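Peer 1: Below: one structure in structure tokens.
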């Protein structure tokens, strides 16, 4: 049996890299099968969420809704309580809207979703199979559905739960020192891990033939964060060091393996299956460190508590905001991954923050200060774009969004450290997220050899439902990109707008222990999302 629709997610994939890897310009292509899909199908750049970050982007893809509606803005959510800010990790229960997995399930379609973030705990009404991503391996069993699936997976040759999930300790040890040996081992670590997800997808396709088979490979993002300089075509040189060349070969081995996984899954799905590939965002190079809280401190928006020159004081300084003087702080950035500024507003008399009546005037003054944050040598603005939250996050969840969303001139993530200077050149380029990801379609009914205009990440969810023969919910923001499909297919299968979604279907799950949450925080720190 074959599946009806195959979706392959590639976290952070970008045409900047894929176009070179699928090209034969420098000899045999690294990803020949993907190159064939480019030629036989349709492709488009895929615009991510306003902050092109893994959590809001993948949840937008899985819901057809923007963050202002689904409510997931970052890896962690924060709550201010007087003099303290409390942080907790987002999970699937924070999503306020229904996912495509639930939408398809309640209409009789069998689904399989593997390694997607913020799918734990899984929904109660799932008709199919789910193995969540972004959880420690000890939590895989209790968050895998149906209940017997985990034991079935253990029968797959060479199955390893430790390899399957994020091994936070191994990644932390590999990156504590940026020696050549450690960095090389860190890249090698992701080769067998991706194979685990591939084997599960292969197994479920063969044994269960779901109507929608979806699997996400996240090693693309992880490699590009730590090894961008070895992948970016513009950063390659014939005079590169031996280590640079060795690292590039190792990274290309990863993409060569990924190409073989894509080929095997597409082949196993069969010739009658529509295949879609997409990423949550793209990638580019960041060349500078922007310490946004340092700048806000210089402009008087926040104040730092004095930190004693002791070991305890240094630990306190390295923790999040433990050294901010909340009595003198009006605006600040909570996390590097948020790229946003929060304004403290007193909702009731006696609460910290500015009076609500002064909010608009305060925000306008803050925008002007951010616009004045310029490169001292060129006069160019450091913050290229400043968006008010109502402009980019409209919806019932808008109140949880940052008051201002920033886009840096090199698309980098900000630093929140209290360190001078406010802007500093990086010793070498690093990988960072770009708002344009990839969207690729091929198979029967797909227009061939075509490149269409940029689409929005919410369109992917609508497209997958359409491919399954289901109506697109009327409250979806995503739309089916009809230019991807042939005229004959559209005539036989017109897009139907159906009833609104049924609301979030929250699952029950056991909370992670504090040490496991700390491990996830450590992993986010390695990738530059946390400090």
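Numbering (the working numbering), first residue to last: 25 to 555. Glycine is no exception: its CB is placed at the ideal position from the N, C-alpha and C atoms. Remember, it's a predicted structure, so these values are computed and weren't measured experimentally.
How long is the line joining the alpha carbons of residue 244 and residue 185, rounded to whole angstroms?
Peer 2: For the purposes of this step, residue 244 is taken as the residue at position 220 of the chain shown. For the purposes of this step, residue 185 is taken as the residue at position 161 of the chain shown. Going by the C-alpha atoms only, they are around 20 Å apart.
Peer 1: For residue 518, count neighbouring Cβ atoms within 10 angstroms of its own Cβ and tell me buried if that reaches 16, exposed if not.
Peer 2: Counting from 1 along the chain shown, the entry for residue 518 is found at position 494. By the neighbour-count rule (16 or more Cβ atoms within 10 Å), residue 518 is not buried but exposed.
Peer 1: Quick one: is the Cβ of residue 34 within less than 7 Å of any heavy atom of the ligand MN?
Peer 2: No copy of the ligand MN occurs in the structure displayed, which carries no ligand at all.
Peer 1: Do the segment 370–381 and the segment 392–404 make contact, defined as three or more Cβ pairs closer than 8 Å?
Peer 2: Output reads no: the segment 392–404 does not touch the segment 370–381.
Peer 1: Excluding sequence positions up to five away, which residues of its chain have a Cβ less than 6 Å from the Cβ of residue 77?
Peer 2: Residue numbering aside, residue 77 sits at position 53 when the chain shown is read from its first letter. Answer for residue 77: 361, listed in chain order.
Peer 1: Residues in the same chain with beta-carbon distance under 7 Å from residue 45, minus the five sequence neighbours each way, listed in chain order, please.
Peer 2: The residue labelled residue 45 in the question sits at position 21 within the chain shown. Around residue 45: 53, 54, 55 and 279.
Peer 1: Within a Cβ cutoff of 8 Å, which residues of the same chain sit near residue 235, ignoring the five residues on either side of it in sequence?
Peer 2: Here residue 235 is taken as the residue at index 211 of the chain shown, counted from 1. 27, 28, 29, 128, 133, 134, 135 and 492, listed in sequence order.
Peer 1: List the whole-angstrom C-beta distance separating residue 81 from residue 305, where the pair is believed to meet the contact cut-off of C-beta under 8 Å.
Peer 2: Start at 1 with the first residue of the chain shown, and residue 81 comes out as number 57. Start at 1 with the first residue of the chain shown, and residue 305 comes out as number 281. With a Cβ gap of about 6 Å, residue 81 and residue 305 count as contacting.
Peer 1: Within this structure, are the beta carbons of residue 79 and residue 160 separated by less than 8 Å?
Peer 2: Translated into positions along the chain shown, residue 79 becomes position 55. Translated into positions along the chain shown, residue 160 becomes position 136. No, they are not a contact pair.
Peer 1: What are the boundary residues of the beta strand (DSSP E) that residue 59 is part of?
Peer 2: For the purposes of this step, residue 59 is taken as residue 35 along the chain shown, with counting starting at 1. Element bounds for residue 59: not the beta strand (DSSP E) but the alpha helix (DSSP H), 56–64.
Peer 1: Report all residues from its chain with a CB closer than 8 Å to the CB of residue 281; omit the five preceding and five following residues, and keep chain order.
Peer 2: Taking the first residue of the chain shown as position 1, residue 281 is located at position 257. These residues qualify, in order along the chain: 215, 218 and 219.
Peer 1: Quickly, what does DSSP pair residue 405 with across the bridge? List them, please.
Peer 2: Indexing the chain shown from 1 puts residue 405 at position 381. DSSP output for residue 405 lists 398 as bridge partner(s).
Peer 1: Considering only the alpha carbon of each residue, which of 439, 223 and 210 lies closest to residue 180?
Peer 2: Here the question's residue 180 lines up with position 156 in the chain shown. Here the closest residue by C-alpha is 223.
Peer 1: Are residue 239 and residue 378 closer than 8 Å when you measure CB to CB?
Peer 2: Sequence index remark: in the chain shown, residue 239 carries index 215 (1-based). Sequence index remark: in the chain shown, residue 378 carries index 354 (1-based). Not a contact, by the Cβ cut-off of 8 Å.
Peer 1: Whole angstroms are fine: how far does the CA of residue 428 sit from the CA of residue 138?
Peer 2: The residue you call residue 138 lines up with position 114 of the chain shown. The residue you call residue 428 lines up with position 404 of the chain shown. The alpha-carbon atoms of residue 138 and residue 428 are separated by roughly 34 Å.
Peer 1: What are the boundary residues of the beta strand (DSSP E) that residue 260 is part of?
Peer 2: Translated into positions along the chain shown, residue 260 becomes position 236. Note, residue 260: premise wrong, no beta strand (DSSP E); not H, not E.
Peer 1: Would you give the residue range spanned by the alpha helix (DSSP H) that residue 87 belongs to?
Peer 2: Sequence index remark: in the chain shown, residue 87 carries index 63 (1-based). 78–87 is the extent of the alpha helix (DSSP H) around residue 87.
Peer 1: By how many angstroms is the C-alpha of residue 315 removed from the C-alpha of residue 402?
Peer 2: Translated into the one-based positions of the chain shown, residue 402 becomes position 378. Translated into the one-based positions of the chain shown, residue 315 becomes position 291. Their Cα atoms are separated by approximately 18 Å.
Peer 1: With DSSP run on the structure shown, which of helix, strand or coil describes residue 114?
Peer 2: Translated into the one-based positions of the chain shown, residue 114 becomes position 90. Coil at residue 114, not helix or strand.
Peer 1: Identify which residue in 271, 225, 258 and 226 has its Cα closest to the Cα of residue 247.
Peer 2: As a first step, residue 247 is located in the chain shown; it is residue number 223 there, counting from the start. It is 271 whose Cα lies nearest to the Cα of residue 247.
Peer 1: So, helix, strand or coil for residue 225, using DSSP?
Peer 2: Residue 225 sits at position 201 when you count from the first residue of the chain shown. Of the three classes helix, strand and coil, the one that applies to residue 225 here is helix, per DSSP.
Peer 1: Taking just the CA atoms, how far does residue 466 sit from residue 516?
Peer 2: The residue given as residue 516 occupies position 492 in the chain shown. The residue given as residue 466 occupies position 442 in the chain shown. One C-alpha to the other measures close to 18 Å.
Peer 1: Would a check of beta-carbon distances place residue 285 closer than 8 Å to chain D?
Peer 2: Absent from the structure is chain D; it holds one protein chain and no more.
Peer 1: Answer yes or no: do residue 100 and residue 112 have a C-beta to C-beta separation smaller than 8 Å?
Peer 2: By 1-based counting over the chain shown, the position of residue 100 is 76. By 1-based counting over the chain shown, the position of residue 112 is 88. Result yes, Cβ atoms of residue 100 and residue 112 sit closer than 8 Å.
Peer 1: Could you name the residues of the same chain whose beta carbon sits closer than 6 Å to that of residue 310, not counting the 5 residues immediately before and after it, in chain order?
Peer 2: Position 286 of the chain shown, counting from 1, holds the residue named residue 310. The residues are 434, 436, 454 and 456.
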